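See structure below.
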Amino acid sequence: MELVAPPIPAETYKLGFIGAGKMAESIARGVVSSGVLPPSRIRTAAHTNQSRRAAFESFGVQVLPDNQAVVEDSDVVIFSVKPQVVKGVVSQLRPLLSKKQLLVSVVAGVKLKDLQDWAGHDRFIRVMPNTPAAVGEAASVMSLGGAVKEEDAELIATLFGSIGKIWKADEKYFDAITGLSGSGPAYIFLAIEALADGGVAAGLPRDLALGLASQTVLGAASMASKMGKHPGQLKDDVASPGGTTIAGIHELEKGGFRGILMNAVIAAAKRGNELSPS
Ligand SMILES: NC(=O)c1ccc[n+]([C@@H]2O[C@H](COP(=O)([O-])OP(=O)(O)OC[C@H]3O[C@@H](n4cnc5c(N)ncnc54)[C@H](OP(=O)(O)O)[C@@H]3O)[C@@H](O)[C@H]2O)c1
129 MELVAPPIPA
139 ETYKLGFIGA
149 GKMAESIARG
159 VVSSGVLPPS
169 RIRTAAHTNQ
179 SRRAAFESFG
189 VQVLPDNQAV
199 VEDSDVVIFS
209 VKPQVVKGVV
219 SQLRPLLSKK
229 QLLVSVVAGV
239 KLKDLQDWAG
249 HDRFIRVMPN
259 TPAAVGEAAS
269 VMSLGGAVKE
279 EDAELIATLF
289 GSIGKIWKAD
299 EKYFDAITGL
309 SGSGPAYIFL
319 AIEALADGGV
329 AAGLPRDLAL
339 GLASQTVLGA
349 ASMASKMGKH
359 PGQLKDDVAS
369 PGGTTIAGIH
379 ELEKGGFRGI
389 LMNAVIAAAK
399 RGNELSPS
């Protein structure tokens with residue numbers, strides 16, 4: 129009979145990153161700056177690029193000689209390597225991985241079933257963060273493997289809560305999530321640039337237009353996320369009869385603004401499915 133895996137000790141557990149890249153650094157920095165874990169309980173290993181050692185050591189994370197040392201000294205292991213190499217990396221570490229450890233992957237497009245097969249166990253959580261993790265505003269979603277306990281999910285929600293917000297969802301939604309929150313920051317960068325171009329066309333200096341455009345998107349997103357009002361209501365609140373805002377909205381509707389955004393999410397979700405077929 130299989131032994132029941134013990135809980136991860138919340139007050140003392142050690143967190144290891146396999147892959148010392150940008151995403152691992154964003155998570156580690158968020159975890160440390162929010163006080164969720166001290167840096168002494170975080171470890172990683174530099175692969176070929178030794179500048180990554182300095183990046184992690186600069187905020188107190190231990191950089192061990194190799195991946196094996198990281199796994200042997202961690203209770204929670206986050207795989208944060210590129211999709212092309214993850215199979216080889218997990219398979220190579222398999223002899224060292226035990227069900228006493230909670231495994232996590234942030235690798236885009238790689239399914240739990242494959243991760244679990246390569247690791248040899250299913251105490252595995254797949255997380256899809258997005259690039260605003262770099263500024264502590266990620267939108268992340270996690271999906272749980274078969275042997276994951278409720279406390280494991282809570283622990284990962286706390287870790288990723290330090291770099292933004294996290295939701296739990298069935299893995300069948302991951303292509304749609306990729307199309308919305310994964311690719312979404314790029315749609316908004318386009319929107320910010322276009323708003324600034326509009327400001328320049330209306331006579332504003334470029335710097336002022338770009339600053340106003342980014343801050344307007346940030347402010348509107350904060351209102352939509354914090355005020356508990358439907359975005360349609362927020363729009364109605366600022367569109368006074370015969371006013372400037374409804375004149376602008378009319379142009380957006382004539383150009384098919386909503387349909388274009390919906391199509392962008394659907395197209396990216398479809399492409400995500402093509403790139404990682406079941
Ligand atoms: N960046 C994001 O916002 C974002 C968002 C969602 C998901 N993700 C996912 O997060 C993962 C990491 O992305 P990233 O942006 O952090 O990429 P990255 O900066 O290129 O980091 C990947 C790291 O993996 C290391 N690596 C390669 N082979 C390795 C091996 N055999 N053992 C240990 N380390 C190895 C690389 O080291 P060397 O350069 O020294 O080889 C590099 O430091 C990807 O799977 C990506 O899909 C990222």
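Residues 129 to 406, numbered by the working numbering, are exactly what the sequence shown covers, in order.
Glycine is no exception: its CB is placed at the ideal position from the N, C-alpha and C atoms.
Since this is a predicted model, take the numbers as computed values, not measurements.
Cross-strand partners of residue i (DSSP beta bridge)
i	result
Q190	R171
M355	DSSP lists no partner for M355.
A267	K293
F207	I146, S233
Three-state class that DSSP yields for residue i in the structure shown
i	result
V276	coil
S226	coil
R254	strand
V366	helix
L143	strand
V232	strand
A133	coil
V164	coil
V393	helix
L332	coil
Cβ neighbour criterion (16 or more within 10 Å) applied to residue i
i	result
T306	buried
T140	exposed
G384	exposed
F252	buried
V263	exposed
D201	exposed
D298	exposed
S161	exposed
S350	exposed
G151	What sits at residue 151 in the sequence shown is Met, not Gly. With 16 or more Cβ atoms within 10 Å of its Cβ, M151 is classed as buried.
D364	exposed
Q220	exposed
With three or more beta-carbon pairs closer than 8 Å as the criterion, would you say the region 310 to 317 touches the region 254 to 264?
yes
For the region 221 to 234 against the region 166 to 183, are there 3 or more C-beta pairs whose distance is under 8 Å?
no
Below 8 Å, can you find three or more Cβ-Cβ pairs linking the region 270 to 278 to the region 363 to 374?
no
Give a yes or no on contact between the region 146 to 163 and the region 285 to 304, applying the rule of three or more CB pairs nearer than 8 Å.
yes
Do the region 316 to 327 and the region 175 to 193 make contact, defined as three or more Cβ pairs closer than 8 Å?
no
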